[in-house]
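Numbered per this note's numbering, the sequence shown spans residues 745 to 981.
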Amino acid sequence: MRYLCHYSVVVNGGVHGFFAGARGLRQGDPMSPYLFVLVMEVLQMILQQFIDQDGQFLYHWRCTELKLFQLSFADDILLLCKADVQSVSLLRRGLDLFASLSGLHTNPQKSQLIISKAASGLRDSLLETLGFQEGHLPVRYLGLPLISARLSIVDCQPLLQKIDSRIKGWEGVQLSFAGRVQLIKSVLVSLEVYWAMAFILPKGIIKEMIKRLRTFLWKGTSSSGYRKWLGRLFADQ
745 MRYLCHYSVV VNGGVHGFFA GARGLRQGDP MSPYLFVLVM EVLQMILQQF IDQDGQFLYH
805 WRCTELKLFQ LSFADDILLL CKADVQSVSL LRRGLDLFAS LSGLHTNPQK SQLIISKAAS
865 GLRDSLLETL GFQEGHLPVR YLGLPLISAR LSIVDCQPLL QKIDSRIKGW EGVQLSFAGR
925 VQLIKSVLVS LEVYWAMAFI LPKGIIKEMI KRLRTFLWKG TSSSGYRKWL GRLFADQ
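See the structure below:
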């Protein structure tokens with residue numbers, strides 16, 4: 745394999761040297777997703793072998809028919825099982841073996857165990873077995889809340905916060921009216937579209953978004969014609 749990482753060293757404010765790395769890939773390398781898939785296949789095979797040998801692993805009741813116990817995408821991994829100490833312990837042993845083989849360890853600060861209300865009596869035992877923090881639904885997965893119920897206004901607050909963050913970053917930039925229109929269409933509305941592809945957004949959230957975009961578009965001015973135009977922009981999207 746030919747390594748693509750190259751490094752320079754800054755000494756006293758000046759860049760010196762340029763040498764290739766002995767191992768690893770640079771961030772954003774197109775080969776990274778393929779390596780992740782291959783490594784996660786190893787984890788899945790380890791867990792599958794443990795499950796087959798144990799014979800007492802209990803699947804989550806929604807996953808029994810498919811025999812589903814793992815989902816992986818990007819750098820997110822979901823492990824699924826019934827709230828049972830023996831099943832959770834089996835997953836823990838699989839993760840430990842995988843860590844010893846690959847050098848990839850779970851991060852307790854970034855890993856969460858989500859327990860259903862029906863299994864709240866096993867909470868302490870399960871948390872001690874895995875060593876993770878306790879999490880609560882909805883969790884964020886691929887930038888969206890992972891939830892089975894209807895989306896509420898509270899669940900959509902991260903969307904409004906992201907829009908506010910983008911707008912705040914542009915406040916110190918001198919933008920023309922056309923420039924603000926372009927940012928609304930290409931950046932801010934695209935955030936709403938991404939959420940809308942997965943959920944039906946509450947009307948209250950749509951109104952709050954239009955209010956924020958209108959304020960950003962006008963920056964304190966008012967004109968009924970442009971306000972109607974912004975409403976048509978959202979209707980077209």
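From the three backbone atoms N, C-alpha and C, an ideal C-beta is built for every residue, glycine too.
Next on the checklist: Quick check: the segment 872-881 against the segment 921-934, are at least 3 beta-carbon pairs closer than 8 Å?
Outcome noted: Contact between the segment 921-934 and the segment 872-881 is absent, because fewer than three Cβ pairs lie under 8 Å.
Checklist entry - To which residues of the same chain is D828 closer than 6 Å at the C-beta, ignoring the five residues directly before and after it? => result By 1-based counting over the sequence shown, the position of residue 828 is 84. Beyond the five residues adjoining it in sequence on each side, D828 comes within less than 6 Å, by CB distance, of L802 in the same chain, given in chain order.
Next on the checklist: Does the segment 793-812 come into contact with the segment 822-840, if we say contact requires no fewer than three beta-carbon pairs (one atom in each stretch) closer than 8 Å?
Outcome noted: Contact between the segment 793-812 and the segment 822-840 is established, with three or more Cβ pairs separated by less than 8 Å.
Item to check | Cut-off 6 Å between Cβ atoms - residues of its own chain near H849, not counting five sequence neighbours on either side | outcome: Start at 1 with the first residue of the sequence shown, and residue 849 comes out as number 105. Short of 6 Å from the beta carbon of H849, and not among the five residues preceding or following it, lie these beta carbons of its own chain, in chain order: A843.
Next on the checklist: In whole angstroms, give me the CA-to-CA distance for V759 and V753.
Outcome noted: Reading the sequence shown from its first residue, position 15 is the one you call residue 759. Reading the sequence shown from its first residue, position 9 is the one you call residue 753. A direct Cα-to-Cα measurement between V759 and V753 gives close to 6 Å.
Checklist entry - In the structure shown, what three-state DSSP assignment does Q856 receive? => result Numbered from its first residue, the sequence shown carries residue 856 at position 112. The three-state reading of DSSP puts Q856 in strand, counting E and B together.
Next on the checklist: Between which two residues does the beta strand (DSSP E) holding Y778 run?
Outcome noted: By 1-based counting over the sequence shown, the position of residue 778 is 34. Where Y778 is concerned, there is no enclosing beta strand (DSSP E), although the alpha helix (DSSP H) it sits in stretches over 776-798.
Next on the checklist: With three or more C-beta pairs closer than 8 Å as the rule, is the segment 912-925 touching the segment 882-894?
Outcome noted: No contact exists between the segment 882-894 and the segment 912-925.
Next on the checklist: Once DSSP output is grouped into helix, strand and coil, what is the label at L810?
Outcome noted: As a first step, residue 810 must be located in the sequence shown, where it is residue number 66. For L810, the secondary structure class from DSSP, reduced to helix, strand or coil, is coil.
Checklist entry - Secondary structure at I821, three-state DSSP: helix, strand or coil? => result On the sequence shown, position 77 is the one that residue 821 refers to. I821: strand per DSSP, three-state reduction.
Checklist entry - Using CA coordinates, which residue listed in P902, G761, L932, D899 is at the minimum distance from W914? => result Within the sequence shown, numbered from 1, the residue matching residue 914 stands at position 170. Ranked by how close their Cα comes to the Cα of W914, the residues P902, G761, L932, D899 have L932 in first place.
Checklist entry - Which whole-angstrom value describes the C-beta separation of I859 and L870, a residue pair presumed to lie in contact below a C-beta threshold of 8 Å? => result Here the question's residue 859 lines up with position 115 in the sequence shown. Here the question's residue 870 lines up with position 126 in the sequence shown. The pair is a contact, with the Cβ atoms about 6 Å apart (cut-off 8 Å).
Checklist entry - Who are R867's beta bridge partners in DSSP? => result Along the sequence shown, read from residue 1 onward, the residue named residue 867 stands at position 123. In the DSSP output, where bridge partners are listed per residue, R867 has none listed.
Next on the checklist: For the alpha helix (DSSP H) containing P902, name the first residue and the last one.
Outcome noted: If you number the sequence shown from 1, residue 902 lands on position 158. Annotation for P902: the continuous alpha helix (DSSP H) segment containing it runs 901-914.
Checklist entry - Does the separation of the CB atoms of G838 and L782 fall below 8 Å? => result Counted from its first residue, the sequence shown places residue 838 at position 94. Counted from its first residue, the sequence shown places residue 782 at position 38. Judged by beta-carbon spacing, L782 lies beyond the 8 Å limit of G838, meaning their Cβ atoms are not closer than that value.
Checklist entry - What does a CB cutoff of less than 7 Å around R836 pick up in its chain, not counting 5 residues either side in sequence? => result Here residue 836 refers to the residue found at position 92 of the sequence shown. Only residues of its own chain outside the window of five on either side were considered, and among them T873, L874 have a CB closer than 7 Å to the CB of R836, listed in chain order.
Item to check | For G757: DSSP bridge partner residues | outcome: Counting from one through the sequence shown, the residue named residue 757 turns up at place 13. DSSP, once it has assigned bridges, lists no residue as partnering G757.
Checklist entry - Per DSSP, what kind of secondary structure is A843 in: helix, strand or coil? => result Along the sequence shown, read from residue 1 onward, the residue named residue 843 stands at position 99. Shown here, A843 sits in a helix according to DSSP, grouped into three states.
Item to check | Contact under 8 Å by Cβ, L886 with F817 | outcome: What you label residue 886 is simply residue 142 of the sequence shown in a count that begins at 1. What you label residue 817 is simply residue 73 of the sequence shown in a count that begins at 1. Yes, the pair counts as a contact, with Cβ atoms nearer than the cut-off.
Next on the checklist: Please report the distance separating the alpha-carbon of G948 from that of I897.
Outcome noted: Looking up residue 948 in the sequence shown gives position 204. Looking up residue 897 in the sequence shown gives position 153. Cα to Cα, the separation comes out at about 7 Å.
Item to check | Short Cβ contact (8 Å threshold) for L903 with L935 | outcome: Position 159 of the sequence shown, counted from the first residue, corresponds to residue 903. Position 191 of the sequence shown, counted from the first residue, corresponds to residue 935. For L903 and L935, yes; Cβs fall inside 8 Å.
Checklist entry - Do you know how far the Cα of D798 is from the Cα of D840? => result Position 96 of the sequence shown, counting from 1, holds the residue named residue 840. Position 54 of the sequence shown, counting from 1, holds the residue named residue 798. A direct Cα-to-Cα measurement between D840 and D798 gives close to 16 Å.
Item to check | Pair within 8 Å by beta-carbon distance, Q830 and Q788 | outcome: By one-based count along the sequence shown, residue 830 stands at place 86. By one-based count along the sequence shown, residue 788 stands at place 44. Their beta carbons are not under 8 Å apart, which means Q830 does not touch Q788 by this criterion.
Checklist entry - With 16 as the cutoff for other CB atoms within 10 Å, does D908 come out buried or exposed? => result In the sequence shown, residue 908 corresponds to position 164, counting from 1. D908 counts as exposed, since fewer than 16 other beta carbons sit within 10 angstroms of its beta carbon.
Checklist entry - Are there 16 or more other CB atoms within 10 angstroms of the CB of D899, so buried, or fewer, so exposed? => result As a working mapping, residue 899 is identified with position 155 in the sequence shown. D899 should be labelled buried.
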